[in-house]
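Residue numbers for the sequence shown, in this note's numbering: 218 to 612. Below is one structure, written out as structure tokens; the observations come after it.
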Amino acid sequence: MVFSSLVFIFRFLPIVLGIYYLVPYKLKNFVLLIASLFFYSWGEAKYFVIMLTCIVVNYLAALLIEYNRKRLWLSRLMLIIALVVSLGMLFFFKYTNFFINNINSLFGTSFDTLKNIVMPLGISFYTFQTLSYTVDVYRGKVTADKNFIRVGAFVTLFPQLIAGPIVLYTDVDKELKSRKLSLLQIQEGVRIFIFGLGKKVLIANNVGALWDEVVRLGFANVSTPLAWLGIIAFSLQIYFDFSGYSQMAIGMGKMMGFEFPDNFNLPYIAKSMTEFWRRWHITLGAWFREYLYIPLGGNRCKPARMYFNLFVVWFCTGFWHGASWNFIIWGMFFYVLIVMERATGFKGWLDKSRVVSHIYVVGLLILSWSIFAIEDLGQLGLFWSRLFSIQMGTD
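Right, here's the structure in full:
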């Protein structure tokens, strides 16, 4: 899927940009929408209708909310419909088999899982983007856009569709309506794109080969030093891969006149887990804070309620990354650490430390990435046994 997306970018991006630059301004959003839909169909044509449904439902819901603000019940109904449809599609494609498998394991039933179900390209990202638009219209932060082309272009922006950053309507609403392009801006976009591509192709792909080799050998057959080298390699791979894709998206956006938000800010230099998550996947953290944590009450409540709010956010953060228990455990891993840092004042001490804080963060991050990388919990336990015992490996 990702490979297919890269093929599209290198094969068609020059053509798309050429047409985009040549057409008059009033047609640029249309060209962007068509190119984005073609990009989406290039990866998975059969799921084209899923994205289109998500766009249409949220577009109509936002308009009905805008025109019926005095009818609060109708505005709320439209918001609920948008939430149910958008999150329902995400749940169906991403989590249905997870729940079927767990129900079968828990109750001894034998419900059949859905065969040949594939998660639509970018659904985790564009679902959050469309919902942010409808929720912001409901809140009165933005005015519902009557122009379907603009809304569609916002949802389908192909530069950041597959790996973020998560772009809110408030980030680009002005640029969708009026944006200027300059040669300097295009040059800067090309520079950022090439830098991100280098991180992905030259660093992530190559350093990740060591982790792939560890997986190929099997955790039972690797030595303790090789296990550590492997998971360190994965820690570097996931950063350079993800941040590389984000920079490619930001660069392509800049080439088209958009200023997408930064998604990474040197996360591995953080002195605490709290700081790490202000630097890692910044747009996802901002989305959960704005649309889940704050509506739940945020930190404007009693400590017990605040910690519950954090629990919900971190459960959802882990579950958003994948339909498997290891991702939920991964989210809970960070929840425990962040609560500990906040409740004990440990973060204040870490902020003053110059060495121990970095050892603390990097060491625990390496362990967290092993949870993230290994879905089979039995294999995860075996891998940790290799990490924390002296094993020379087998031939």
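Backbone N, C-alpha and C fix where the C-beta goes; we use that ideal spot for every residue, glycine too.
Between Ala487 and Phe315, the C-beta gap is not smaller than 8 Å, which leaves the two residues out of contact.
Close CB contacts of Ser587 within its chain, under the 8 Å cut and outside five residues either way in sequence, are with Ile448, Phe451, Leu597, Phe600, Trp601, Leu604 (chain order). Of the candidates Asp390, Gly369, Gly470, the residue whose Cα lies closest to the Cα of Phe265 is Gly369. The alpha-carbon separation between Leu527 and Leu239 amounts to approximately 49 Å. By the Cβ neighbour-count rule, Lys311 is buried, with 16 or more other Cβ atoms within 10 Å of its own. Around the beta carbon of Cys518, a 10 Å sphere encloses fewer than 16 other beta carbons of the protein chains shown; the residue is thus reported as exposed. In this model, Trp428 and Met465 are separated by some 24 Å (Cα to Cα).
Annotation: the continuous alpha helix (DSSP H) that includes Tyr343 extends over 340 to 356. With a cutoff of 8 Å on beta-carbon distance, Phe365 and Tyr276 are scored as near each other. By the C-beta density criterion, Phe324 is exposed, having fewer than 16 other C-beta atoms within 10 angstroms.
At the C-beta level, Tyr577 and Leu584 stay beyond 8 Å of one another.
Boundaries of the alpha helix (DSSP H) harbouring Leu307: 289 to 324, taken from the DSSP string. Judged by DSSP in its simplified three-state form, Pro231 adopts helix. Of the residues Met336, Val384, Gly305, Lys363, the one whose Cα lies closest to the Cα of Trp504 is Val384.
Distance from the Cα of His575 is smallest, within the candidate group Leu509, Ile297, Gln404, Tyr485, for Tyr485. Listed in chain order, the non-local C-beta contacts of Arg293 below 7 Å within the same chain number zero, local neighbours out to five positions each way being set aside. Judged by DSSP secondary structure, Asp568 falls within the alpha helix (DSSP H) whose first and last residues are 563 to 569.
Here DSSP, grouped into helix, strand and coil, assigns Trp497 to coil.
The DSSP-derived three-state label of Pro520 is helix. Taking the C-beta atoms as reference points, Tyr552 is found no nearer than 8 Å to Trp537.
For the pair Leu554 and Thr561, the Cα-to-Cα distance works out to about 11 Å.
For Leu348, same chain residues with a beta-carbon under 6 Å away, outside a window of 5 residues either side, are Ser303 in chain order.
Annotated three-state conformation of Phe457 is helix, per DSSP. In the DSSP assignment, Asp390 falls within the unbroken alpha helix (DSSP H) covering 386 to 394. Put simply, of Ile272, Phe255, Asp593, Val248 the residue whose alpha carbon is nearest the alpha carbon of Phe436 is Asp593. Per the coordinates, the alpha-carbon of Thr491 lies some 42 Å from the alpha-carbon of Ser327. Taking C-alpha positions only, Val432 is separated from Ala426 by approximately 10 Å.
Residue nearest to Lys263 within the set Ile334, Arg367, Val573 is Ile334 (criterion: CA-CA distance). DSSP places Met557 within a helical segment (H, G or I) once states are collapsed to three.
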